[in-house]
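Residues -20 to -1, 1 to 330 in mature numbering (1 follows the signal peptide of the UniProt record, and there is no 0) are what the sequence shown lists, from first letter to last.
To start, the structure under review is shown below, and the notes come after it.
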Amino acid sequence: MRKIPRLLFIVLLSSLIVCCSGRKEPGLQKYELNGMTQGTYYHIVYYHLSETDCEKRNIITPIQIAKAIDSIFTVVDNSLSLWNPNSLLNKLNHNMTNKVDKVFKDNYMQAKHISDMTGGMLDITIGALVRAYGFAYEKRRELLDSEIDSMMMYVGYEKLKLKGDTLYKSYPQTQMDFNAVAQGYTTDQISDFLKRHNISSHIVDVGGEVYASGLKPDGQNWRVAVEQPSDSMSSERVFNTLIKLKNQSIVTSGNYRKFYVEKGIKYSHTINPKTGRPSKNTLLSVSIVANTAVMADGLATACMVMGLDKTKEFLDEHPQYAAILIYSDETGDLKTYVSPTLEDKIEKVN
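Written out as C-alpha cells, the structure reads:
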C-alpha cells in the first residue's frame, strides 16, 4: 500500500550500531533488513544465531526470516494496497466483491475500535476524499465545497457493517483507505513473527511505525528520536525528543512535512472526517506510545484531527496510552508536551 513516508521520527542508527559492540549473548549476531515496501521504507534490526548455527540446531535461519518477512509485506499489500489494482481493497472499493480476508478483518476491527474510542476522528471511509485531494496517487488539486459536500454523503464508518467474512456498504460509493492503521499492523505482524521464533531482541520500523521488543544485547533499552517539526522538506533534521522503549511502539503523525500548496493555500494530508477538509489546529506532530503499533498508528492520526486540548483530554481518559505532542503556541513558538508516564523514559527534550 502506498502512502507518503512517515519520516517523522527515526530510529537512532548510531545507537543500534553501538549496541553491537556491547555485551551480548554468545553466538548472537546482528542482522539488518532494509528496503522499500507499501510506498515507504522499512528497517528491521534483530539478533540471532549465525546461518550455520541455526541449521545445526534446526531453527529458523536468517535467510528464512528474510523470506518470511517479505511474505508478510506481500500478504498485507495484496489485501489493503490502493496501488495494487488487484488488491482486495480495490475490489471492495469498486464493488467487485464483498468477501474479505483475515488481514482486512483485523484492520477493520482495529480501525473501528479506534473510531469508537475517538468519536470518529479516525475513519477509514475517507478514501474518496484522500484521492480527490491527491494524497493517494491522483494529481493534487483544490476541491470545491460542492465536491466535498457530495463526497461527505458517503463518509462515516457506521456506513460499513462486517458480518463474518462479508462486508456490507450502505452506499456503493463509499471508498475505504487503511493507511492510518495498515503499516502499524504490518509492524506488529513482523514483530509477532520474530517473537514466535524466540527472537526477542529486535526493532521494526515500517515507514516510521516502530515497535521495540525486549532489550538490546548490551542490556539497554532501544532509543528512538522524535523529530523537531520544520516546514522545509530539505532542511537538516533536528531531534526534539529522545525516548527509551522496551516492548512498546511509538508512531508519529504530523503535517509539517506532509502537505502541498495550491494557489497559496497549504493543504494538510490529515483529513478531518467530520468536515471532509484538511485538519487545521496548532498541533504539528503527535507521537503516540502504545503496546501495539496498530493502536499507536491509528491514535496518532486521530489525535492530529482532535487538536491539542482534546488530545490531552483523551489521554487523561485513556492512561494506557501516552504521547509526545509538539505544537505551536499563540506566539508561534514550538512547545512540547510529554505525558507524565513517559517522563522516566525521556532522555532529552529540546
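Every residue gets a Cβ at the ideal spot worked out from N, C-alpha and C, and that includes glycine.
On the DSSP bridge assignment, give the partners of Arg203 in chain order. Lys224
Within the continuous beta strand (DSSP E) that includes Thr20, where are the two ends? Thr20 to His28
Can you tell which of Ile304, Gly136 and His93 has its C-alpha closest to the C-alpha of Ile326? Nearest option by C-alpha distance: Ile304.
Rounded separation between Leu(-5) and Met275 - CA only: Because Leu(-5) carries a pLDDT of 28, less than 50, the predicted location of this residue cannot be relied on, and no value is offered for it.
Three-way DSSP call (helix, strand, coil) for Ser259 in this model: coil
Going by C-alpha distance, which of Val135, Lys224 and Glu189 is nearest Gly199? Lys224
C-alpha distance - Gln18 paired with Ala112, whole-angstrom precision: Rounded to whole angstroms, Gln18 to Ala112 spans 20 Å at the Cα level.
Per DSSP, Gln208 is paired with what? None; Gln208 has no bridge partner.
Could you give the residue range of the beta strand (DSSP E) that holds Lys10? Gln9 to Thr17
Top-ranked residue by Cα proximity to Lys226, from Lys254, Val218, Pro197 and Ser150: It is Pro197 whose Cα lies nearest to the Cα of Lys226.
Going by C-alpha distance, which of Lys47, Thr20 and Tyr27 is nearest Ile183? Tyr27
DSSP three-state assignment for Asn252, whether helix, strand or coil: strand
Alpha-carbon to alpha-carbon, Thr167 and Glu35: Rounded to the nearest angstrom, the two C-alpha atoms are 27 Å apart.
Return the chain-ordered list of same chain residues with a C-beta closer than 7 Å to the C-beta of Lys149, the five sequence neighbours on each side being excluded. Lys139 and Leu140
What residue range is occupied by the uninterrupted beta strand (DSSP E) comprising Val318? Leu314 to Val318
DSSP three-state assignment for Asp324, whether helix, strand or coil: It is helical.
Best match in Phe158, Gly194 and Arg203 for proximity to Asp277 [C-alpha to C-alpha]: Per the Cα distances, Phe158.
Stretch pair the stretch 277 to 291 + the stretch 93 to 111: three plus CB contacts closer than 8 Å: yes
Can you give me the Cβ contacts of Lys71 inside the same chain, cut-off strictly under 6 Å, excluding the 5 residues immediately before and after it? Thr77
To the nearest angstrom, how far is the alpha carbon of Ala91 from that of Asn271? 16 Å
Val218, DSSP secondary structure in three states: coil
If I measure Cβ to Cβ from Gln165 and keep anything under 6 Å in the same chain, skipping five residues before and after, which residues do I get? Per the sequence presented here, residue 165 reads as Tyr, with Gln not at that position. For Tyr165, where only same-chain residues beyond five positions count, the Cβ hits under 6 Å are Asn87 and Val274.
Helix, strand or coil at Asp309 [DSSP, three-state]: coil
In the DSSP assignment, the beta strand (DSSP E) including Glu189 goes from what residue to what residue? Counting along the chain, the beta strand (DSSP E) containing Glu189 begins and ends at Glu189 to Ser193.
With a threshold of 8 Å, are at least 3 pairs of Cβ atoms found where one atom belongs to the stretch 250 to 263 and the other to the stretch 200 to 211? no
Going by DSSP in three states, Asp172 sits in which element: helix, strand or coil? helix
Taking C-beta to C-beta, are Val83 and Leu60 nearer than 8 Å? The Cβ atoms of Val83 and Leu60 lie closer than 8 Å to each other.
Is Asp185 helix, strand or coil when you go by DSSP? strand
Within a Cβ cutoff of 6 Å, which residues of the same chain sit near Phe115, ignoring the five residues on either side of it in sequence? His249
Here's the rule: buried if 16 or more other CB atoms are within 10 angstroms of the residue's CB, otherwise exposed. What is Ser1? Per-residue confidence for Ser1 stands at a pLDDT of 35, beneath the threshold of 50, marking its modelled position as unreliable; the derived number appears in the next sentence. Flag for Ser1 reads exposed.
Taking the alpha helix (DSSP H) that Lys47 belongs to, which residues open and close that run? Pro42 to Leu60
By alpha-carbon positions, which one of Asp313, Leu314, Thr262 and Leu195 ends up nearest to Asp289? Thr262
Verify whether the separation of the beta carbon atoms of Leu264 and Ile230 is less than 8 Å. No, they are not a contact pair.
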